[in-house]
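Enquirer:
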Amino acid sequence: MQPILAKARAWLALDRDAATRSEVQQYIDGNDTKALHAILDQRIAFGTAGLRARMQAGFGRMNDVTVLQATQGVLAHLLQVVPDVHTRGVVIGHDHRHHSQRFAARAATVFLRAGVPVVLLRGLACTPMVPFGVKTLGAAAGIMITASHNPKDDNGYKLYWSNAVQIVSPVDKRVAAAIEEHLDLDDAAWDLSVLSQSIDRTAELRQQYIEQVGMLSRFRGENAQSIQKVVYTPMHGVGFEYAQAAFVAFGFPKENLLSVPEQQAPDPDFPTVAFPNPEEQGALRLATAFADAQGASLVLANDPDADRFCAAEKSAGHWTTFTGDQIGAIFAMWAFEQYKASGRPIEKLAMLASTASSKLVAAMAKAEGFYFDETLTGFKYLGNRALDLDQQGYSCEFAYEEAIGYMNGSIIRDKDGISALAIFAELSAFLSRKNSTVAQYLEQIYQRYGHFVTSNSYFICRDPSKLAAIFRRIRYSETDSTELAFPKTIGGIPIESIRDLTVGYDSTRPPDFKPVLPVSSNSQMITLVTRPDAGGTIGSVTATLRGSGTEPKIKFYIEASGTELAAVHERLRIVRDALATDWLRWQENGLEMPAS
Numbered sequence: 007m008q009p010i011l012a013k014a015r016a017w018l019a020l021d022r023d024a025a026t027r028s029e030v031q032q033y034i035d036g037n038d039t040k041a042l043h044a045i046l047d048q049r050i051a052f053g054t055a056g057l058r059a060r061m062q063a064g065f066g067r068m069n070d071v072t073v074l075q076a077t078q079g080v081l082a083h084l085l086q087v088v089p090d091v092h093t094r095g096v097v098i099g100h101d102h103r104h105h106s107q108r109f110a111a112r113a114a115t116v117f118l119r120a121g122v123p124v125v126l127l128r129g130l131a132c133t134p135m136v137p138f139g140v141k142t143l144g145a146a147a148g149i150m151i152t153a154s155h156n157p158k159d160d161n162g163y164k165l166y167w168s169n170a171v172q173i174v175s176p177v178d179k180r181v182a183a184a185i186e187e188h189l190d191l192d193d194a195a196w197d198l199s200v201l202s203q204s205i206d207r208t209a210e211l212r213q214q215y216i217e218q219v220g221m222l223s224r225f226r227g228e229n230a231q232s233i234q235k236v237v238y239t240p241m242h243g244v245g246f247e248y249a250q251a252a253f254v255a256f257g258f259p260k261e262n263l264l265s266v267p268e269q270q271a272p273d274p275d276f277p278t279v280a281f282p283n284p285e286e287q288g289a290l291r292l293a294t295a296f297a298d299a300q301g302a303s304l305v306l307a308n309d310p311d312a313d314r315f316c317a318a319e320k321s322a323g324h325w326t327t328f329t330g331d332q333i334g335a336i337f338a339m340w341a342f343e344q345y346k347a348s349g350r351p352i353e354k355l356a357m358l359a360s361t362a363s364s365k366l367v368a369a370m371a372k373a374e375g376f377y378f379d380e381t382l383t384g385f386k387y388l389g390n391r392a393l394d395l396d397q398q399g400y401s402c403e404f405a406y407e408e409a410i411g412y413m414n415g416s417i418i419r420d421k422d423g424i425s426a427l428a429i430f431a432e433l434s435a436f437l438s439r440k441n442s443t444v445a446q447y448l449e450q451i452y453q454r455y456g457h458f459v460t461s462n463s464y465f466i467c468r469d470p471s472k473l474a475a476i477f478r479r480i481r482y483s484e485t486d487s488t489e490l491a492f493p494k495t496i497g498g499i500p501i502e503s504i505r506d507l508t509v510g511y512d513s514t515r516p517p518d519f520k521p522v523l524p525v526s527s528n529s530q531m532i533t534l535v536t537r538p539d540a541g542g543t544i545g546s547v548t549a550t551l552r553g554s555g556t557e558p559k560i561k562f563y564i565e566a567s568g569t570e571l572a573a574v575h576e577r578l579r580i581v582r583d584a585l586a587t588d589w590l591r592w593q594e595n596g597l598e599m600p601a602s
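Our numbering puts the sequence shown at residues 7 to 602.
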């Protein structure tokens, strides 16, 4: 028997779900070894946002078997390192995707069978509810079943540890090892009757969460007098009830929040959008059209699990959708102004951003005297760094990543699209009372700290081996596959520094050239910085290339800065074109551009 067929038989021996069993059996009967290799060879692993994959049979996909196996590993490791797990328990929630409720139930049974209490959130949860539940209840861990903004066929498993933050190394490696040691599933693993022992504290936690979000408001009385209409879309996800409650908690009249009718109800098929991600081009078309019909000039959006946030504003008859970095700058400035007005010492204020995000907040920190730091991409890094800063006596008021993820305040140390929505609505109302707009507020930020222009996008790369080969060609000599030989220029512009967090190289840190940020050979990430022009009108350009941890994409993040906006835009264009054509060779390598 071929090894892959033996692996398929092993799968069938574990699986009790009729649909996934049938899928594997059809591949066996049809001798479709290619399909079997695709779903069975590589085990699903913790990436940037936990486990995430297509819902399908196989060890490399999201299904009942892999959820049960993952949870058995999580339980085993918790029993080793959290002595009071049997009293602290765990919190589990799920979104509205196909099979999410069942996956959450499967995960809950693993803990309940072991005598570990489970607070199982009833109904549909936004992702921030799980870390909030872990923090509020002092739970040992939390699990959220969601694939966030991924396509409808995907699902995921996000793991929060006892600090209410997503797991990072070495915990992720230890959990992965524990999973490998607990792959067997007995008959009892499939028994859902034990779910009756789960605890329901959903209403209590929702109320406490919304109350704490409401405490972030600075102008509740003024908000109550607002007549500004705000259009909202949850992107067919779970956000509407939470967004409406947060809006009201900030003092706004409930009727001022108008939800896009076609996108208000949770729908796992996301019928009106190709990708349920508000930052995708065209994702807000329905919302802006509805806003036009309602006479509204502000659109706010969450992704389907409501941990991300996006906004668009209409001014002079034109809609502008703010980028992730622009919203980050707006929130950072607002947080700084409110903190300064409180009279607290500026040197104790801290803010964070991912290394792929704009450097504008770093410039703001340098000018204003507060602490700023960068982490790797992903809120698992930002959240843990925020906890570190808390312990050092800082007040970490804001953190963000350019992929429209924002942490405002300390309710949770994770991205939270609900609190972001309420704060943005309050800022817009504040500016409206002064006959100003968010776009004008952003322009004032640029005037104060300089123009920072970004271009962030991606190419679709469906072949992981092709992605690895592209990065190898960038970093290594053509004649010696072990000799680092990075390009010296990009688009004819001299490169001043290179950092490669895959192989562990940073040209700015002699003599050992070891980066400050963590290195991971399992992910691709290269950052270059060009030399600024001697005249000073154009600063350096920072460009980062990385392989996505959740999707088949090569992502790029480019930022140019300077005092002359037109020249900055042109420099950005040159670097972007060279990155695509010369570095990625996107056409030659069969990469796909995102749909317009």
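Backbone N, C-alpha and C define an ideal beta-carbon position, used for all residues, glycine too.
Looking at C-alpha atoms only, which residue of ALA540, PHE376, ASP588 and SER471 is the closest neighbour of LYS346?
Expert: PHE376
Enquirer: State the DSSP-derived secondary structure class of LYS440, mapped to helix, strand or coil.
Expert: coil
Enquirer: On a CA-only basis, which of LEU18, VAL80 and ASP35 is nearest PHE65? Give me that one, please.
Expert: LEU18
Enquirer: Could you check the C-alpha separation between VAL547 and PRO123 for me, to the nearest Å?
Expert: 51 Å
Enquirer: Alpha carbon to alpha carbon, what distance is there between ALA359 and LEU388?
Expert: When only Cα atoms are considered, LEU388 and ALA359 end up about 7 Å apart.
Enquirer: In chain order, what residues of the same chain lie with their CB nearer than 7 Å to the CB of ALA573, ignoring the 5 residues before and after it?
Expert: These residues qualify, in order along the chain: THR543 and ILE544.
Enquirer: Return the residue from the list GLU247, THR115, GLN344 and ALA145 that minimises the CA-CA distance to GLY95.
Expert: ALA145
Enquirer: Starting from PRO267, follow the alpha helix (DSSP H) in both directions and report where the run begins and ends.
Expert: Taken as a continuous stretch (DSSP letters only), the alpha helix (DSSP H) holding PRO267 covers 267-270.
Enquirer: Within a Cβ cutoff of 6 Å, which residues of the same chain sit near THR77, ignoring the five residues on either side of it in sequence?
Expert: ALA113 and VAL116
Enquirer: Can you tell me where the beta strand (DSSP E) with LEU57 in it begins and where it stops?
Expert: 57-60
Enquirer: In its own chain, which residues sit with a C-beta less than 8 Å from the C-beta of GLU353, not counting the 5 before and 5 after it?
Expert: GLY375, PHE376 and TYR377
Enquirer: Given a threshold of 16 other Cβ atoms within 10 Å of its Cβ, counted over all protein chains shown, does VAL87 qualify as buried or as exposed?
Expert: exposed
Enquirer: For ALA540, which of GLY555, ARG119, GLY568 and THR533 has the nearest alpha-carbon?
Expert: GLY568
Enquirer: So, helix, strand or coil for ASN390, using DSSP?
Expert: helix
Enquirer: Measuring alpha carbon to alpha carbon, tell me which of GLY121, HIS188 and LEU42 ends up nearest ILE10.
Expert: LEU42
Enquirer: Going straight from the alpha carbon of ALA24 to that of SER154, what length do you get?
Expert: 26 Å
Enquirer: Kindly provide the ranges of any alpha helix (DSSP H) runs that are 4 or more residues long and lie completely inside the segment 11-76, ordered along the chain.
Expert: 24-35 and 39-46
Enquirer: Whose C-alpha, out of THR587, ILE480, ARG579 and GLY498, is nearest the C-alpha of MET531?
Expert: ILE480
Enquirer: Should LYS164 go down as buried or exposed, given a rule of 16 or more other Cβ atoms within 10 Å for buried?
Expert: Buried, because 16 or more other Cβ atoms sit within 10 Å of the Cβ of LYS164.
Enquirer: If I measure Cβ to Cβ from PHE246 and keep anything under 7 Å in the same chain, skipping five residues before and after, which residues do I get?
Expert: Shown here for PHE246: same chain residues with a beta carbon closer than 7 Å to its own, the five before and five after excluded, namely PRO240, SER265 and GLN270 in chain order.
Enquirer: Taking the Cβ atom as the reference point for each residue, do GLY418 and PHE52 lie within a distance shorter than 7 Å?
Expert: Before going further, note that residue 418 is Ile rather than Gly in the sequence given. Not closer than 7 Å, so no.
Enquirer: Measuring CA to CA, which of MET339, PHE465, SER471 and ALA111 is closest to VAL97?
Expert: ALA111
Enquirer: On the CB-based measure, 16 or more other CB atoms within 10 Å of its CB, does GLY257 come out buried or exposed?
Expert: buried
Enquirer: Does DSSP put GLN398 in a helix, a strand or coil?
Expert: coil
Enquirer: Look at the alpha carbon of PHE296 and the alpha carbon of HIS242, and state the distance between them as a whole number of angstroms.
Expert: 15 Å
Enquirer: In whole angstroms, what is the alpha-carbon distance linking ALA289 and ILE429?
Expert: 22 Å
Enquirer: I need the DSSP call for LYS472, collapsed to helix, strand or coil.
Expert: helix
Enquirer: Between the Cα of GLY330 and those of GLU343, SER303, ASP47 and LYS365, spot the shortest distance and give me the residue it belongs to.
Expert: LYS365
Enquirer: Helix, strand or coil for PHE256? Go by DSSP, reduced to three states.
Expert: Look at PHE256 here: in three-state DSSP terms it is coil, with no helix or strand label.
Enquirer: With a Cβ-Cβ cutoff of 7 Å, do GLY510 and VAL522 count as a contact?
Expert: no
Enquirer: Specify, as a first and last residue, the run of the beta strand (DSSP E) that VAL459 falls within.
Expert: 457-466
Enquirer: If we count the other Cβ atoms within 10 Å of its Cβ and call it buried at 16 or more, is ARG291 buried or exposed?
Expert: exposed
Enquirer: Report all residues from its chain with a CB closer than 7 Å to the CB of ARG391; omit the five preceding and five following residues, and keep chain order.
Expert: Cβ-Cβ distances below 7 Å link ARG391 to LEU358, ASP379 and THR381 in the same chain, with the five nearest sequence neighbours on each side left out; the list follows chain order.
Enquirer: Rounding to the nearest angstrom, what Cα-Cα distance links LEU306 and SER503 in this structure?
Expert: 38 Å
Enquirer: Please identify the residue among SER434, PHE337, PHE465 and LYS440 whose C-alpha is closest to the C-alpha of ASN414.
Expert: From the listed residues SER434, PHE337, PHE465 and LYS440, the smallest Cα separation to ASN414 is found for PHE337.
Enquirer: Quick check on SER199: does DSSP put it in helix, strand or coil?
Expert: helix
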